[in-house]
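Data first, discussion second: the structure below is written as structure tokens.
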Amino acid sequence: PSCGTIDKWSAFLSAAKHFVEKDLEVSMAGRVFMITGANSGIGRATAMAIAKRGGTVHMVCRNKDKAEEARADIVKESGNKEIYVHILDLSETRKIWEFAEAFKRKYKALNVLINNAGCIMSERDVNAEGLEKSFASNVMGVYILTRGLIPLLEKSAEPRVITVSSGGMLVQKLRTGNLQTEIGRYDGTMVYAQHKRQQVVMTEQWAKTHSNIHFSVMHPGWVDTPAVANAMPDFHQSMKDSLRTPEQGADTAVWLAISEAAATKPSGSFFQDRRMVSAHLPLAWTHSSQLEQQKFMSVMEDLAKTFQPH
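With the numbering used here applied, the sequence shown covers 101 to 410.
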């Protein structure tokens, strides 16, 4: 992306000059966090930061071996044993409903949900339920997991939901049709960018309907993670010296999850480098009407219901 040059770690370092250090000097003892995709990249860096502050962390991961290895590292480095692994593939739609229901039965509280897991596909593929896989993970998975856990979040103290989006969504206007990319050429990075726009819309809509939960969505900047290296090898190769570290990428997610300052910002906002930023570029054509956004949410609602176990 052309924005790569202006969004380097140098941009992070200049933004960081304005960060308030004490925002993150807080104890999270007794607070419960769930982080998807917590075994690598931004998710892992977020889990580590929260573990070091005493929070209870539920790592939701696809790969058992990688998850257990990451958990062991986090426990060792943080000295915090309240780190739990749950194996779940967010592209397996029915299983997400089942997981959310089981989690609510077993656990009394969930203060913060961090939707971090994401996938970029190089070609179109479908899951067992016939949904395009990246849509299943990035959009339907986030929708069902969040919807399923909202009742538990609402019962918990100062609940928050943070979704890790991407600046790529700035070039996408919400689509309410062709959600499975059945029509037209499949361009994985563009499909991903559309999913990131859909996450922003979901966040804005949930903020309106669940006023006691603080919702936010953030752009981590361009980060040197395995996901970026695999999905965009040319971009990664040309940019690798100027990509952010996972810790820099995770900084705003951590800030949104634990700081008191973040909770004072309006729910449903989009953040980059601890600042609220517009979810649209200046003079952008990417705005959609309230009607279109509600239509999208009802399409999601109906689709999600078809996979709900009875």
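Glycine is no exception: its CB is placed at the ideal position from the N, C-alpha and C atoms.
No experiment lies behind these values; they were computed from the predicted model shown.
Beta-carbon gap between residue i and residue j smaller than 9 Å
| i | j | result |
| --- | --- | --- |
| C161 | G141 | no |
| L253 | I313 | yes |
| K152 | S178 | yes |
| L356 | I262 | yes |
| V212 | F133 | yes |
| V377 | H319 | yes |
| C219 | S191 | yes |
| A115 | R285 | no |
| E232 | E282 | yes |
| V291 | M221 | yes |
For residue j and residue i, the rounded distance between their alpha carbons
| i | j | result |
| --- | --- | --- |
| N278 | G154 | 44 Å |
| N216 | G349 | 11 Å |
| A172 | Q305 | 37 Å |
| D373 | H410 | 42 Å |
| F112 | L124 | 17 Å |
| D225 | K117 | 44 Å |
| K296 | R144 | 20 Å |
| D402 | N227 | 18 Å |
| E168 | Q272 | 37 Å |
| M397 | M148 | 33 Å |
| G311 | D334 | Residue 311 is actually Ser in this sequence, not Gly. Using only the alpha carbons, I get a separation of about 43 Å. |
| D287 | D165 | 31 Å |
| I150 | I358 | 8 Å |
| L210 | I250 | 9 Å |
| T156 | L383 | 43 Å |
| T276 | E392 | 7 Å |
| R344 | E360 | 25 Å |
| Q280 | Q298 | 13 Å |
| S237 | K176 | 30 Å |
| A202 | H186 | 11 Å |
| S419 | T309 | This structure cannot settle anything about residue 419, because the visible part of the chain is limited to 101 through 410. |
| D107 | W322 | Confidence is the limiting factor: at D107 the pLDDT is only 49, short of 50, which leaves the residue's position unreliable, though a coordinate-based value still follows. Taking the straight line joining both Cα atoms gives about 7 Å. |
| Q294 | K181 | 38 Å |
| R131 | W385 | 41 Å |
| T364 | E121 | 17 Å |
| P259 | K206 | 18 Å |
| T289 | A200 | 29 Å |
| T105 | N163 | Residue placement at T105 cannot be trusted, given a pLDDT of 43 that sits under 50; what the coordinates show is reported in the next sentence. Cα to Cα, the separation comes out at about 33 Å. |
| G241 | F315 | 17 Å |
| S367 | L274 | 20 Å |
| C234 | A362 | Here residue 234 is Ser; the residue named in the question, Cys, does not match the sequence. Spanning the two alpha carbons is a distance of roughly 30 Å. |
Own chain, CB closer than 8 Å to residue i, minus 5 neighbours either side, in chain order
| i | result |
| --- | --- |
| Y415 | Any question about residue 415 goes unanswered here, given that the chain covers just 101 to 410. |
| S195 | Note that residue 195 is Lys in the sequence shown here, rather than Ser. Around K195: L188 and D189. |
| K395 | T276 |
| T146 | I135, A138, I214, N216, A350, A353, V354 and A357 |
| H387 | K273 and H380 |
The ligand NAD heavy atom lying under 8 Å from the CB of residue i
| i | result |
| --- | --- |
| F370 | Of ligands this structure carries none, so the ligand NAD is not represented either. |
Beta-carbon contacts of residue i that lie in its chain and below 6 Å, excluding the five residues immediately before and after
| i | result |
| --- | --- |
| L270 | L381 |
| N139 | C161, K166, A167 and A170 |
| Y184 | H158 |
| K208 | none |
Extent of the continuous alpha helix (DSSP H) run through residue i
| i | result |
| --- | --- |
| I283 | Unbroken run through I283: none, as it is neither H nor E. |
| I142 | G141 to K152 |
| T303 | G288 to T309 |
| L252 | G241 to K255 |
| M397 | Q390 to K405 |
| I214 | Premise fails: I214 lies in the beta strand (DSSP E), V212 to N215, not in any alpha helix (DSSP H). |
Endpoints, beta strand (DSSP E) assigned at residue i
| i | result |
| --- | --- |
| Q272 | Careful: Q272 lies outside any beta strand (DSSP E) and carries neither H nor E. |
| R375 | R375 to V377 |
| L356 | Unbroken run through L356 is the alpha helix (DSSP H), P346 to I358; no beta strand (DSSP E). |
| Y184 | I183 to I187 |
| I174 | It is not in any beta strand (DSSP E) - I174 instead sits in the alpha helix (DSSP H) that spans K164 to S178. |
| S369 | S369 to Q372 |
| T364 | Here T364 belongs to no beta strand (DSSP E), and DSSP marks it neither H nor E. |
| F315 | H314 to M318 |
| R260 | R260 to V264 |
Residues of its chain near residue i, where Cβ-Cβ distance is below 7 Å and the 5 sequence neighbours each way are ignored
| i | result |
| --- | --- |
| V300 | S265, M269, V317, F370 and A379 |
| W197 | I244, G248, F407, Q408 and P409 |
| C103 | Confidence in C103 is poor, its pLDDT being 45 and thus under 50, which makes the residue's placement unreliable; the coordinate value appears in the next sentence. Answer for C103: G267, listed in chain order. |
| A129 | G154 |
| A307 | F315, S367 and G368 |
| I174 | A147, M148, A151 and I183 |
Distance between beta carbons of residue j and residue i, contact taken as under 8 Å
| i | j | result |
| --- | --- | --- |
| T193 | E229 | 5 Å |
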